[in-house]
Amino acid sequence: METVWIIGVGRFGSIAVKRLLKQHSDWQFVLVDPVKENLIKAKGPNIAIEQADGIQFLNDCLKPGVKVSWIIPSLPVHLAWEWCRMKMGQDRLVRTQFSSGIDSFLPNLMPGSNGDIYVSNADFICPDNCSEPKEFCTVTKRPRKQDMYHLLEALHYKEYTPIVLRSRQIAPGVGGVSPGQLFSFLKKIQQHKGSLLLCTACRCHGVITSVDRL
């Protein structure tokens with residue numbers, strides 16, 4: 402039986418649990434959110450709730466060998482980066498500002514309010530139930546552009562080293578990562594020093610955090 406953690410139960414977290422329950426009625430879900438009202442609205446079969454900060458929950462509960470299949474980030478923050486920073490310590494992994502000119506290397510860049518940047522292969526708002534087919538875009542019906550996670554892995558920009566965590570689609574419009582992927586992401590960061598671009602990306606979209614690994 403699969404177990405899924407959904408970190409953040411606002412609009413997108415609620416959509417995620419509904420779609421996954423529809424496809425996998427025998428899966429178990431743990432919903433994590435600091436707002437009690439969000440959790441109450443999402444109650445249902447096979448659902449456990451945790452009223453907690455999502456980043457702190459991940460730091461406390463994600464251990465080697467933990468019995469969870471998928472972790473679905475549904476917070477307005479770059480969850481993988483925040484978890485790595487908490488695991489390594491803020492004195493070893495420090496957020497930095499992006500160097501000027503990076504926008505010319507990335508498609509449809511949008512700055513985030515917290516210093517991250519978001520990138521997309523689409524210059525339009527994608528439907529929230531996209532099935533992310535490999536061959537073509539569901540909106541334009543044209544051949545798909547290079548997968549975003551591959552584009553970011555191959556990025557050569559100044560002194561930065563990109564480290565990419567691939568988000569895998571579990572249901573239409575619902576992406577997640579496995580515990581093994583997160584631990585591998587953390588290990589790669591620990592093996593590098595200097596300026597890094599920490600990325601989480603699916604086929605079309607990505608979020609990037611600029612950091613110094615001290």
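Whatever position you read off the sequence shown (first residue = 1), add 401 for my numbering. Note that CB positions come from ideal geometry on N, CA and C, so glycine has one too.
Contacting residues, own chain, Cβ-Cβ under 6 Å from residue i (five flanking each side not counted)
i	result
D529	G574
T539	C531
K442	none
D524	N509
M511	Y519
Residues of its chain near residue i, where Cβ-Cβ distance is below 8 Å and the 5 sequence neighbours each way are ignored
i	result
M549	V520, S521, N522, A602, C603, R604, C605, H606 and G607
I590	C485, M489, L494, I564, L597, L599 and R614
K468	T404
Endpoints, alpha helix (DSSP H) assigned at residue i
i	result
H551	M549 to E554
L480	L480 to M489
E438	K437 to K442
L587	P580 to Q591
Continuous beta strand (DSSP E) stretch holding residue i: start and end
i	result
P563	T562 to R567
D461	That residue, D461, is in no beta strand (DSSP E); its alpha helix (DSSP H) goes G455 to C462.
S415	Run containing S415: none in the beta strand (DSSP E); it sits in the alpha helix (DSSP H), R412 to Q424.
Q429	Q429 to D434
Y519	I518 to S521
I408	T404 to I408
R614	H606 to R614
Q466	The question names Gln, but residue 466 is Gly in the sequence shown. Taken as a continuous stretch (DSSP letters only), G466 belongs to no beta strand (DSSP E), as it is neither H nor E.
S596	G595 to A602
Q496	Residue identity check: residue 496 is Arg in the sequence provided, not Gln. Its beta strand (DSSP E) spans residues L494 to R496.
Identity of the residue in the options nearest residue i by Cα
i	options	result
I456	M511, I503, G502 and I407	I407
G513	G409, V405, I609 and E403	I609
N439	G411, K419 and K542	G411
I416	F584, G595, Q592 and I571	I571
Y558	S611, F430, G414 and F537	S611
D434	D504, H425, A449 and K535	A449
E533	N460, S568 and L421	S568
I526	T541, G576 and K535	T541
G445	G502, C462, K419 and K464	K419
M402	P508, K437, D427 and M487	D427
R496	D524, I518 and N509	I518
Straight-line gap, residue i to residue j (C-alpha atoms, nearest Å)
i	j	result
Q452	F586	27 Å
N447	E560	47 Å
L544	F537	Checking the sequence, you will find Pro at residue 544 rather than Leu. If I take the Cα positions, the gap works out to 4 Å.
V431	W482	21 Å
K535	W471	21 Å
K594	T562	9 Å
L566	Q498	20 Å
L480	F584	13 Å
D504	K546	18 Å
D492	G516	18 Å
Q424	F413	17 Å
L463	M487	12 Å
L422	G576	15 Å
K588	D461	18 Å
Residues of its chain near residue i, where Cβ-Cβ distance is below 7 Å and the 5 sequence neighbours each way are ignored
i	result
S500	K559
F506	L556 and Y558
Three or more beta-carbon pairs under 8 Å between the segment 568-584 and the segment 551-558, yes or no? No: fewer than three Cβ pairs fall under 8 Å.
Is there contact between the segment 446-463 and the segment 476-489, where contact requires at least three CB pairs shorter than 8 Å? Yes, the segment 446-463 touches the segment 476-489.
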